[in-house]
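So my numbering is basically just the index in the sequence shown, starting at one, shifted up by 50.
Using N, Cα and C, we set each Cβ at its ideal position, and we do this for glycine too.
Here the structure comes first, spelled out in structure tokens, and everything after it is commentary.
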Amino acid sequence: MATGFGFTLNATDGAARTGVIHTPRGEIRTPAFMPVGTAGTVKAMLPESVRATGADILLGNTYHLMLRPTAERVAALGGLHKFMNWDRPILTDSGGFQVMSLGPLRKLTEEGVRFSSHIDGSKHMLTPERSMEIQRLLGSDIVMCFDECPALPATEAEVAKSMRLSMRWAQRSRDAFGDRPGHALFGIMQGGVTRDLREESAAALKSIGFDGYAVGGLAVGEGQEAMFSVLDYAPCFLPQDKPRYLMGVGKPDDIVGAVERGIDMMDCVLPSRSGRTGQAWTRRGSVNLKNARHKDDPRPLDEACTCPACRGYSRAYLHHVVRADEIIGSMLLTWHNLHYYQELMQGLRDAIAGGRLAVFVAEFHAQRAEGDI
Ligand SMILES: CNc1nc2cc3nc(NC)[nH]c3cc2c(=O)[nH]1
Ligand SMILES: [Zn+2]
């Protein structure tokens, strides 16, 4: 790990691990879930509320911040931590994936990706070097390599070609990152659902050497079964003593399955984005508060939950403010969902530490009723 960074493994249970990532801005308990703070805000949440849900680290998006307000402006104002009033660790992604999914009219070359802004159509170029510069200007604690995540469907030859480009970009990212005490650089494994390509990618990343390793190229529509089949072998190709980060995952049952298979960190927009659409995630499954059956229900969303939404409001109220598109609806459901996700992570950490992950997972699945509750 870079100086000022460390990863302590405290216990394992099967392939699952629990530990702590030590950073100059604080500790990150693993397995960890990172709320997504796309453009310098976890939508509908104050930073202190995000902390109150139990988050140790949050994610910022390079693509959004480079376009607005620009990385240079954030740097001039003291960096992203000061700008968004979050003094704990921040991980920033490297921008490539979002150009894929957001930037219209993108052109991919060996050099990088040329694209036009989805905001004002202005022209931009992202390269490994520029991505490292942007993430340095933002001041993030954990920097992600600039990579290419192939869109599905893709032939094995296309996945191989893309993975090898990403490995060349990983080397360029490492070279451009330089030596930054207190800051970590994570490599990103690619290779689709092909074991040999995943192994080749892991070997390439290990020969370059990173402070942590992400499993990329998943949660792109392949489905849970295919994702788990890759996770049945891919994490073990990565160094055992470094954090493993699965990008873009996921639903609660995706998270449980990924942790069982040796993943230490995850991020996903689902709890916050679905909260804004009236969907709540609970220990017994998901609830759509827009559904008319809640309009007279005086019970809380989840009797056992201690979050502000469950302690202070009825389903009838949540139904009302969601249907009326009141801002408090997004606030309460986002808070509940992030609280539930962090509670699930704490349960997983405790279960692994106690050697009872199998029991925890069995109870997790047993509690989840089918469909809406
Ligand atoms: C920043 N690089 C990078 N980000 C990603 C973000 C993702 N988000 C998802 N599902 C929501 N899959 C992902 C894959 C990658 C990936 O392969 N690379
Ligand atoms: Zn709650």
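- The Cβ atoms of A253 and A220 do not sit closer than 9 Å to each other.
- In the three-state reduction of the DSSP assignment, Y363 falls in the coil class.
- If the five residues before and after T53 are omitted, its C-beta is found closer than 8 Å to the C-beta atoms of P231, G232, all from its own chain and listed in chain order.
- Relative to the Cα of V70, the nearest Cα in the group G262, G110, R361 belongs to G262.
- For S216, the closest of G405, G242, R118 by C-alpha to C-alpha distance is G242.
- By a beta-carbon distance limit of 8 Å, G312 does not contact F278. Their separation comes to about 12 Å.
- In the displayed model, K301 falls within coil according to three-state DSSP, outside both helix and strand.
- The Cβ neighbour count for V409, taken over all protein chains shown within 10 Å, is under 16; the residue is labelled exposed.
- The beta carbons of E179 and R224 sit no closer together than 9 Å.
- Assigned with DSSP and collapsed to three states, I192 falls in strand.
- Relative to ligand 1, S144 has its C-beta within less than 8 Å of a heavy atom.
- Note: T62 is bridge-paired with R67 in the DSSP secondary-structure output.
- Burial of S380 is indicated by the presence of at least 16 other C-beta atoms within 10 angstroms of its C-beta.
- Contact between the region 364-373 and the region 333-353 is established, with three or more Cβ pairs separated by less than 8 Å.
- In the structure shown, the three-state DSSP call for H233 is coil.
- The beta carbons of H131 and R75 sit closer together than 9 Å.
- If you look at L407, you'll find it in the alpha helix (DSSP H) that goes 407-417.
- Taking C-beta atoms as the reference points, A82 and I402 fail to come closer than 9 Å.
- In this structure K292 is buried. Its beta-carbon is surrounded by 16 or more other beta-carbon atoms within 10 angstroms.
- For Q417, the closest alpha carbon among the candidates Y113, L394, D400, G404 is that of L394.
- The beta carbon of A105 sits no closer than 8 Å to any heavy atom of ligand 2.
- Comparing alpha-carbon positions, the option among T244, R248, D229 lying closest to I238 turns out to be R248.
- The beta carbon of L187 is closer than 7 Å to those of A121, E122, V124, A125 in its chain, skipping five residues each way along the sequence.
- Nearest to R399 by alpha-carbon distance, out of Q290, F260, V309, is V309.
- Scanning K93, T244, F196 for the CA closest to the CA of G162 turns up F196.
- Excluding sequence positions up to five before and after F227, its CB lies within less than 7 Å of the CB of M182, V193, L235, all in the same chain and listed in chain order.
- Per DSSP, reduced to three states, the secondary structure at G129 is coil, with no helix or strand assignment.
- Comparing C-alpha distances from E275 to each of T384, S144, D303 shows the shortest one belongs to D303.
- If you measure from each CB to the nearest heavy atom of ligand 2, the residues under 6 Å come out as L351, D352, C355, C357, A359, C360, H386, H389.
- Exclusion of V280 from the 8 Å shell around ligand 1 follows from its C-beta lying no nearer than that to any non-hydrogen atom of the ligand.
- Secondary structure at E77: strand, using DSSP grouped into helix, strand and coil.
- Listed in chain order, the non-local C-beta contacts of V86 below 8 Å within the same chain comprise V92, L108, L109, N111, D317, C318, V319, S322, local neighbours out to five positions each way being set aside.
- The beta carbon of M116 sits closer than 6 Å to those of I184, all from its chain and outside the five residues before and after it, given in chain order.
- The C-beta separation of A210 from M150 comes to about 18 Å, leaving the pair out of contact by the 8 Å criterion.
- Check the Cα spacing between Y113 and each of G128, I378, N135, S144: the tightest is with S144.
- Inclusion of Y390 and C355 in the CB contact set at 9 Å is warranted, their separation being smaller than that value.
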